[in-house]
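Read the structure below first, then the notes.
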Amino acid sequence: NFIDDSVLVHLTKIAEGVKVKILTKSISDQLALDVKKFNSQYFEIELIAFTHAHDRFIIIDNQDVYHVGTSLKDLGKKWFAFSKIEKSDMELLSKLEKVQ
198 NFIDDSVLVH LTKIAEGVKV KILTKSISDQ LALDVKKFNS QYFEIELIAF THAHDRFIII
258 DNQDVYHVGT SLKDLGKKWF AFSKIEKSDM ELLSKLEKVQ
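Heads up: the sequence shown begins at 198 in our numbering, then just goes up one per residue.
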């Protein structure tokens, strides 16, 4: 799985009131347990099985989209890139809205 408890630790720093959805190819028993524990201690994270994308994206306020060139759990281990996707390329958002 490309999401683990190390990613959830980073999410503890998010400002109050921010909604978080994690879309991942598969939801392992361990990930489901980690998110359940996180939700009871901090705030609600929605976990969704999503098989329509290989890459990783961060979407903020359904407006700003960033492509992330590594697994979120591996941030900082090696060089990687964050790329902002411009509004003219926002077809991705409309496709995601249909899935949710």
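Ideal Cβ placement from N, Cα and C applies to all residues, glycine included.
Buried or exposed (CB count within 10 angstroms, at least 16 for buried), residue i
| i | result |
| --- | --- |
| D231 | buried |
| I255 | exposed |
| F235 | buried |
Beta-bridge partners of residue i, as assigned by DSSP
| i | result |
| --- | --- |
| I282 | V262 |
| T221 | A246 |
| F254 | H264 |
Beta-carbon contacts of residue i that lie in its chain and below 6 angstroms, excluding the five residues immediately before and after
| i | result |
| --- | --- |
| Y239 | T209 |
| K281 | Y263 |
Neighbourhood of residue i by C-beta, 8 angstroms cutoff - its chain only, sequence neighbours within 5 removed
| i | result |
| --- | --- |
| F247 | L220, T221, K222 and V296 |
| I242 | L205, L208, V217, K218, I219, V232, F235 and N236 |
| K292 | H249 |
| L228 | N198, I200, D201, T221 and L244 |
| E213 | F240 |
Contacts around residue i, its chain only, beta-carbon distance under 7 angstroms, and the 5 residues preceding and following it disregarded
| i | result |
| --- | --- |
| D252 | H264 |
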